[in-house]
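Notes to accompany the following structure.
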Amino acid sequence: MWNVEKGLPFENGTGTGSPNVTRKPQGVRVRALVKLSYKVVKAPVRLVWATEGDNVELPCDITPPTPEDSVNMVLWFKDNVGIPLYRQVFLFLDARNGSLTGAIHWAVSDDLGRRTYFQVGDGHRARLKVTKVTLKDQGVFRCRVDFVDSPTRNFRVNLTLVEQPSKPVIYDAQGREVTGVGGPFLEGYSLALTCQVSGGRPKPSVTWWKDGELLDGVVDTVSIGSPSRFTVNDLFVEKVTKSLWGAKLECRARSGPMGKPIVREVSLDIYLKPAIVKIVLSEDQIFAGRPIAARCETWGSSPAARIIWRLGEHVMGDPNVSTTQRTNSTVSKLALVLGKDDDGKELICRAENPRFPGGVLEEVKTLRIS
Numbered sequence: 001m002w003n004v005e006k007g008l009p010f011e012n013g014t015g016t017g018s019p020n021v022t023r024k025p026q027g028v029r030v031r032a033l034v035k036l037s038y039k040v041v042k043a044p045v046r047l048v049w050a051t052e053g054d055n056v057e058l059p060c061d062i063t064p065p066t067p068e069d070s071v072n073m074v075l076w077f078k079d080n081v082g083i084p085l086y087r088q089v090f091l092f093l094d095a096r097n098g099s100l101t102g103a104i105h106w107a108v109s110d111d112l113g114r115r116t117y118f119q120v121g122d123g124h125r126a127r128l129k130v131t132k133v134t135l136k137d138q139g140v141f142r143c144r145v146d147f148v149d150s151p152t153r154n155f156r157v158n159l160t161l162v163e164q165p166s167k168p169v170i171y172d173a174q175g176r177e178v179t180g181v182g183g184p185f186l187e188g189y190s191l192a193l194t195c196q197v198s199g200g201r202p203k204p205s206v207t208w209w210k211d212g213e214l215l216d217g218v219v220d221t222v223s224i225g226s227p228s229r230f231t232v233n234d235l236f237v238e239k240v241t242k243s244l245w246g247a248k249l250e251c252r253a254r255s256g257p258m259g260k261p262i263v264r265e266v267s268l269d270i271y272l273k274p275a276i277v278k279i280v281l282s283e284d285q286i287f288a289g290r291p292i293a294a295r296c297e298t299w300g301s302s303p304a305a306r307i308i309w310r311l312g313e314h315v316m317g318d319p320n321v322s323t324t325q326r327t328n329s330t331v332s333k334l335a336l337v338l339g340k341d342d343d344g345k346e347l348i349c350r351a352e353n354p355r356f357p358g359g360v361l362e363e364v365k366t367l368r369i370s
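With full-length UniProt numbering applied, the sequence shown corresponds to residues 1 to 370, in that order.
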């Protein structure tokens, strides 16, 4: 039914209600009581994601089905309201008195109406522009296109705002929260960390990263319940290698393709076994009663290995030993004066990580005394 006072159609045919709309410009002729034929059509829904404060475009194809036809009217509705004059209705475009690009625009004069404008472009790219969207703008928008000869066409657009999840929380295998440094983890053994977020719409992705490389992108658990919804990604490394020593891992959470991910970083404390141990003697030929120096170097242990010298069954200690430790290397020097009775004995340098059970490596040299 055509509303003579306002110049706008009602989809329920009752003509009731008196919403606040922009006044019709002077000189526009309105035909009274023109009965509109309307049938509810379940049009396919296109999903448009946005974050609060974005400018969005809601598409509507207004191309006539045939070249001989033309657009009569374009109306936008929001949600289930059938009258494009209430607060939920934001735009009515009447093209009956001329070309579509020269048509007259009516929009509801509420907050949403003041932030919308229908841009025609070519027919395929016509779209409703909404600036600075808010959570209240969410909903299903329907674009109704009336043609002069062809049947009415409807398009539905579901505008949904992304709700970002909470800051990720990381737990170790014992269920303890990891706030800065995770571990210690032992080389050759397994590593398990859990990243958990709550909330988020759509269902957030929770991923593990190292140096910009994706480690694990599979969400393991989504539990929905009151009062929170949790999304979990369990990272499991079957065998820790040296490549993880000093590494920082990131758990990233993001809902939808919009915006930046929310990141929680954890540094790894990795205990490494000694990788190399080497004995170097100052003399190639050893003479009884003549002082020599023995040097033992070890690399790869974290924390730095301690070195223990043994000559046969005898442990060599201070004051004959001096040791220097760096991040993951240790150098120990031993002063020796050997006798004939030391011939054939074994000089052993043993490198061991005191925090790594079984983290031991040693080198043995059999001494020949002249």
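Note that beta-carbon positions come from the ideal geometry of N, C-alpha and C, so glycine has one too.
Computed from a predicted model, the values in this text were never measured in an experiment.
Presumed contact (8 Å Cβ cut-off) between residue i and residue j, rounded CB distance
{"i": "residue 302", "j": "residue 245", "result": "6 Å"}
{"i": "residue 132", "j": "residue 55", "result": "7 Å"}
{"i": "residue 231", "j": "residue 266", "result": "At roughly 18 Å, the Cβ-Cβ gap does not stay under 8 Å, so residue 231 and residue 266 are not in contact."}
{"i": "residue 305", "j": "residue 274", "result": "5 Å"}
{"i": "residue 298", "j": "residue 330", "result": "5 Å"}
{"i": "residue 45", "j": "residue 62", "result": "Actually they are not in contact, since the Cβ atoms of residue 45 and residue 62 sit about 18 Å apart, beyond 8 Å."}
{"i": "residue 140", "j": "residue 156", "result": "6 Å"}
{"i": "residue 268", "j": "residue 183", "result": "6 Å"}
Close beta carbons around residue i, own chain, < 6 Å, minus the five adjacent residues each side
{"i": "residue 283", "result": "292"}
{"i": "residue 185", "result": "191, 240 and 270"}
{"i": "residue 51", "result": "162, 258 and 259"}
{"i": "residue 364", "result": "346 and 348"}
{"i": "residue 234", "result": "194 and 220"}
{"i": "residue 203", "result": "none"}
{"i": "residue 350", "result": "308 and 362"}
{"i": "residue 250", "result": "209, 263 and 265"}
{"i": "residue 237", "result": "191"}
The ligand NAP heavy atom lying under 7 Å from the CB of residue i
{"i": "residue 176", "result": "The ligand NAP is absent from the structure shown, which contains no ligands of any kind."}
8 Å Cβ cutoff met for residue i and residue j
{"i": "residue 172", "j": "residue 181", "result": "no"}
{"i": "residue 167", "j": "residue 264", "result": "yes"}
{"i": "residue 277", "j": "residue 295", "result": "no"}
{"i": "residue 195", "j": "residue 127", "result": "no"}
{"i": "residue 116", "j": "residue 129", "result": "yes"}
{"i": "residue 154", "j": "residue 143", "result": "yes"}
{"i": "residue 272", "j": "residue 242", "result": "yes"}
{"i": "residue 344", "j": "residue 361", "result": "no"}
{"i": "residue 150", "j": "residue 64", "result": "yes"}
{"i": "residue 134", "j": "residue 145", "result": "no"}
{"i": "residue 289", "j": "residue 328", "result": "no"}
Sequence-distant residues of its chain with Cβ nearer than 7 Å to residue i (five each side left out)
{"i": "residue 287", "result": "370"}
{"i": "residue 148", "result": "69, 70 and 72"}
{"i": "residue 49", "result": "160, 162, 256, 257 and 258"}
{"i": "residue 47", "result": "158 and 160"}
{"i": "residue 326", "result": "304"}
{"i": "residue 188", "result": "239 and 240"}
{"i": "residue 354", "result": "306"}
{"i": "residue 261", "result": "252, 253 and 254"}
{"i": "residue 316", "result": "309, 310 and 334"}
{"i": "residue 216", "result": "207, 208, 233 and 235"}
{"i": "residue 124", "result": "61 and 63"}
{"i": "residue 201", "result": "162, 163 and 255"}
{"i": "residue 285", "result": "370"}
{"i": "residue 340", "result": "288 and 369"}
Cutoff 8 Å; reference residue i; Cβ partners in own chain excluding five residues on either side
{"i": "residue 98", "result": "Its pLDDT being 42, under 50, residue 98 is placed unreliably in this model, and the value from its coordinates should be taken loosely. Once the five neighbours on either side are set aside, residue 98 has no close Cβ partner at all."}
{"i": "residue 138", "result": "159, 160 and 161"}
{"i": "residue 121", "result": "127"}
{"i": "residue 27", "result": "Confidence at residue 27 is low in this model, with a pLDDT of 39, below 50, so its placement is unreliable and the value that follows should be read with caution. There are no such residues."}
### Task
With a floor of 3 residues, list each beta strand (DSSP E) that falls wholly inside the UniProt domain "Ig-like" (168 to 267), ordered by position along the chain.
DSSP runs (the beta strand (DSSP E)) wholly in the UniProt domain "Ig-like" (168 to 267): 169 to 172, 181 to 186, 191 to 198, 205 to 210, 213 to 216, 221 to 224, 229 to 237 and 248 to 254.
### Query
How about the stretch 247 to 263 and the stretch 297 to 312: do they share at least three Cβ pairs that are nearer than 8 Å?
Contact between the stretch 247 to 263 and the stretch 297 to 312 is absent: fewer than 3 CB-CB pairs across the two stretches fall below 8 Å.
#### Entry: Inter-stretch contact at 8 Å, needing at least 3 Cβ pairs: the stretch 211 to 218 / the stretch 148 to 164
As far as the Cβ criterion goes, the stretch 211 to 218 does not touch the stretch 148 to 164, which means the pair count is below three.
### Message
Ignoring anything shorter than 4 residues, give me the alpha helix (DSSP H) runs that lie fully in the stretch 42 to 87, in order along the chain.
### Response
Taken in chain order, the whole alpha helix (DSSP H) runs of length 4 or more contained in the stretch 42 to 87 number zero.
### Task
Report the residue ranges of all alpha helix (DSSP H) runs contained in full by the UniProt domain "Ig-like" (274 to 370); include only those spanning at least 4 residues, in chain order.
Qualifying alpha helix (DSSP H) stretches: none in this window.
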